[in-house]
Amino acid sequence: MSTNSERVLPGTGLGAAGARAWPLRDSAHTRALEGSHPAGTGNRSLMEFAGLALARLALAVVPHARTIWVACGPGNNGGDGLEAAAHLQQWGKQVVVSLAHDPEKSSTDAHAAWLKARAAGVSFNDHPPEAFDACLDALFGIGALRPLQGAYADWVACMNAASTPTIAVDLPSGLDADTGAAMPMHVTAQHTLSLLTLKPGLFTGGGRDACGDIWFNDLGVQDSSPPQALLAGPVAITRRLHASHKGTFGDVCIVGGAPGMTGAALLAARSALHGGAGRVFVCPLGAPELTLDPQCPELMFRSFDDLDWSAMTLVAGCGGGQAIAESLPLILGHAKQLVLDADALNHIAHSPVLQQQLAQRPAGHTVITPHPLEAARLLATTAAVVQADRLGAAQSLAERFQCVVVLKGSGTVIAAPGDIPRINPTGNAKLATAGTGDVLAGLVGAHLAAGRPAMQAACEAVYRHGQAADQWQGTVLSASQLCHRT
Ligand SMILES: NC(=O)C1=CN([C@@H]2O[C@H](COP(=O)(O)OP(=O)(O)OC[C@H]3O[C@@H](n4cnc5c(N)ncnc54)[C@H](OP(=O)(O)O)[C@@H]3O)[C@@H](O)[C@H]2O)[C@@H](O)CC1
Ligand SMILES: Nc1ncnc2c1ncn2[C@@H]1O[C@H](COP(=O)(O)OP(=O)(O)O)[C@@H](O)[C@H]1O
Ligand SMILES: [K+]
1 MSTNSERVLP
11 GTGLGAAGAR
21 AWPLRDSAHT
31 RALEGSHPAG
41 TGNRSLMEFA
51 GLALARLALA
61 VVPHARTIWV
71 ACGPGNNGGD
81 GLEAAAHLQQ
91 WGKQVVVSLA
101 HDPEKSSTDA
111 HAAWLKARAA
121 GVSFNDHPPE
131 AFDACLDALF
141 GIGALRPLQG
151 AYADWVACMN
161 AASTPTIAVD
171 LPSGLDADTG
181 AAMPMHVTAQ
191 HTLSLLTLKP
201 GLFTGGGRDA
211 CGDIWFNDLG
221 VQDSSPPQAL
231 LAGPVAITRR
241 LHASHKGTFG
251 DVCIVGGAPG
261 MTGAALLAAR
271 SALHGGAGRV
281 FVCPLGAPEL
291 TLDPQCPELM
301 FRSFDDLDWS
311 AMTLVAGCGG
321 GQAIAESLPL
331 ILGHAKQLVL
341 DADALNHIAH
351 SPVLQQQLAQ
361 RPAGHTVITP
371 HPLEAARLLA
381 TTAAVVQADR
391 LGAAQSLAER
401 FQCVVVLKGS
411 GTVIAAPGDI
421 PRINPTGNAK
431 LATAGTGDVL
441 AGLVGAHLAA
451 GRPAMQAACE
461 AVYRHGQAAD
471 QWQGTVLSAS
481 QLCHRT
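Taking full-length UniProt numbering, the leading residue of the sequence shown gets 1, the next gets one more, and so forth.
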């Protein structure tokens, strides 16, 4: 029997992380939606649809499994697991269910599912079977609020230690559905079936590592209300008009590269060039004697004081060190379009005057690209706080500084004032190497210079940057190599 769920990540097609954009909905919205469809569709409850979808997915991804362990929690997530257990047992599998609660005290639907599982001949055991071919994590979904302890913690440890696949019901137990923050004890699944809605926490922070492949089943409920976030879709290929010239694609100027960090400016510049900018200038703050990049002779080197950059897109801060500080008032005041990265952001974080200047720039012309620590400095908090709610942190930065924010890391978040935040589906840990952020800043500059609105420029650049890493065949990807492939 084939699955009736859709695979969201990884998408199908060459290196495609996400084949299309998906609406993401948080747990408060999900509960409200559930409340408006208490009986599901037809005569079946949502839990019955969920259980059938789970059983069908299990059969599709582990078709040869004979013994399936279903670990069920006390809430409706456990109920979904019991529904699936009944189906799998009826389809000839040996199903062992573990419960650590009194099923007589469950919700009406979960109690009915327990009765069904018993009637189907499922075995019940307080301990996991000695050997199992697959496991369903039906411990906790959107209702898990506290750290997992006792039998639940033991079962999570057992799932994570097993060499057989785990399929998480709705979300991996111990993962926050809204933020992607993972509790110290959480399930690391090979597959996750998100039910009724796709939750944002699956795609950012700890989500990607905890979920494995991500699947979705809407349980037959259509929802056209505005989402709380969007999973960004693929970038449309733009055709270059025949009658175009280098001026059509805009000028990018890279200001950065303090002593010892000239490479950061060069990486950003090469990336802007390969990303499609018409002309790229470099103002190396720490190496005025530098007049040529032999590996990229297209780049033009100028002194920042002598160049008329007023009509260009500026990318400021890559390897900027202390040297970028004195230029920032001028840049913030006069750059037409601006990307701020690294040390530019660190200086702004320490200066209320620069912060005010940033917030007062004309709307829609500025993109900042902090990693979590840079974001924390700007918000006067810690990287751990930022990581605990990446969507919230990015949106706060966007509102506070009135600009587009690219909060980098696993599941990069792109936010703009008054807009729905996006989570980028592309990219992987091959990008976790020095200089890839400089490449991204240059690429955002190229997309801005080509005339894209700031939010679109940021989303496109982040998607392409990650896609290049997803399509890279080698195990190691250097920033220099990445520049050429975006
Ligand atoms: N909503 C929907 O649209 C649909 C929902 N569906 C499914 O229902 C799931 C949500 O169900 P849910 O609301 O019952 O929450 P769930 O995640 O089972 O956990 C809550 C229970 O766990 C307990 N508990 C929490 N932490 C604990 C801990 N550390 N250690 C021990 N106990 C702990 C908590 O106890 P309490 O806090 O009340 O003491 C409560 O009893 C959802 O993810 C999806 O799978 C689908 O069937 C159909 C559509
Ligand atoms: N595990 C990962 N998954 C996806 N993207 C990642 C991962 N690790 C790093 N990246 C990406 O790599 C880039 C690193 O940027 P940054 O931390 O600024 O590095 P640097 O300052 O050395 O250039 C960002 O675009 C980030 O999103
Ligand atoms: K679960």
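Glycine is no exception: its CB is placed at the ideal position from the N, C-alpha and C atoms. Predicted model only: the values in this text are computed from it and were never measured.
Exposure of residue i, with buried meaning 16 or more beta-carbon neighbours within 10 Å
i           : result
residue 415 : buried
residue 77  : buried
residue 268 : buried
residue 1   : exposed
residue 204 : buried
residue 487 : Nothing about residue 487 can be reported from this structure: the residues present for the chain run from 1 to 486 only.
residue 348 : buried
residue 145 : exposed
residue 432 : exposed
residue 89  : buried
Closer than 6 angstroms: residue i CB and nearest ligand 1 heavy atom
i           : result
residue 46  : yes
residue 83  : no
residue 203 : no
residue 128 : no
residue 530 : Past the boundaries of the shown model lies residue 530; the chain is included only from 1 to 486, so the question cannot be answered.
residue 142 : yes
Length of the line joining the Cα atoms of residue i and residue j
i           : j           : result
residue 195 : residue 457 : 32 angstroms
residue 10  : residue 213 : 6 angstroms
residue 486 : residue 353 : 36 angstroms
residue 277 : residue 251 : 6 angstroms
residue 245 : residue 228 : 41 angstroms
residue 14  : residue 469 : Summary for residue 14: the model assigns pLDDT 45, below 50, so the residue's position carries little reliability; its value from the coordinates is reported in the next sentence. If you take the alpha carbons of residue 14 and residue 469, they lie about 12 angstroms apart.
residue 460 : residue 447 : 8 angstroms
residue 104 : residue 376 : 47 angstroms
residue 286 : residue 303 : 11 angstroms
residue 7   : residue 367 : 32 angstroms
residue 334 : residue 310 : 7 angstroms
residue 159 : residue 100 : 16 angstroms
residue 162 : residue 129 : 11 angstroms
residue 55  : residue 219 : 13 angstroms
residue 440 : residue 206 : 22 angstroms
Distance CB(residue i)-CB(residue j) smaller than 7 angstroms
i           : j           : result
residue 97  : residue 62  : no
residue 372 : residue 409 : yes
residue 233 : residue 20  : yes
residue 70  : residue 79  : no
residue 405 : residue 388 : no
residue 453 : residue 364 : yes
residue 117 : residue 138 : no
residue 314 : residue 338 : yes
residue 412 : residue 444 : no
residue 210 : residue 188 : yes
residue 324 : residue 343 : yes
residue 293 : residue 266 : yes
residue 417 : residue 399 : yes
residue 45  : residue 109 : yes
residue 284 : residue 321 : no
residue 176 : residue 66  : no
As assigned by DSSP and simplified to three states, the class of residue i
i           : result
residue 5   : coil
residue 356 : helix
residue 23  : strand
residue 479 : helix
residue 196 : coil
residue 98  : strand
residue 456 : helix
residue 348 : helix
residue 14  : Legend: pLDDT at residue 14 = 45, less than 50; position of this residue unreliable, value from coordinates given subsequently. In the structure shown, residue 14 sits in coil (DSSP, three-state: anything other than H, G, I, E or B).
residue 485 : coil
residue 77  : helix
residue 343 : helix
residue 221 : coil
beta-carbon residue i near ligand 3 non-hydrogen atom, thresh 6 angstroms
i           : result
residue 169 : yes
residue 137 : yes
residue 5   : no
residue 163 : no
Heavy atom of ligand 2 within 6 angstroms of residue i beta-carbon
i           : result
residue 410 : yes
residue 438 : yes
Contact test: residue i Cβ vs ligand 5 heavy atom, cutoff 6 angstroms
i          : result
residue 74 : By its list of ligands, the structure shown excludes ligand 5, since it contains just ligand 1, ligand 2 and ligand 3.
Cβ of residue i within 7 angstroms of any chain D Cβ
i           : result
residue 134 : The question asks about chain D, but that chain is absent: this structure has only one protein chain.
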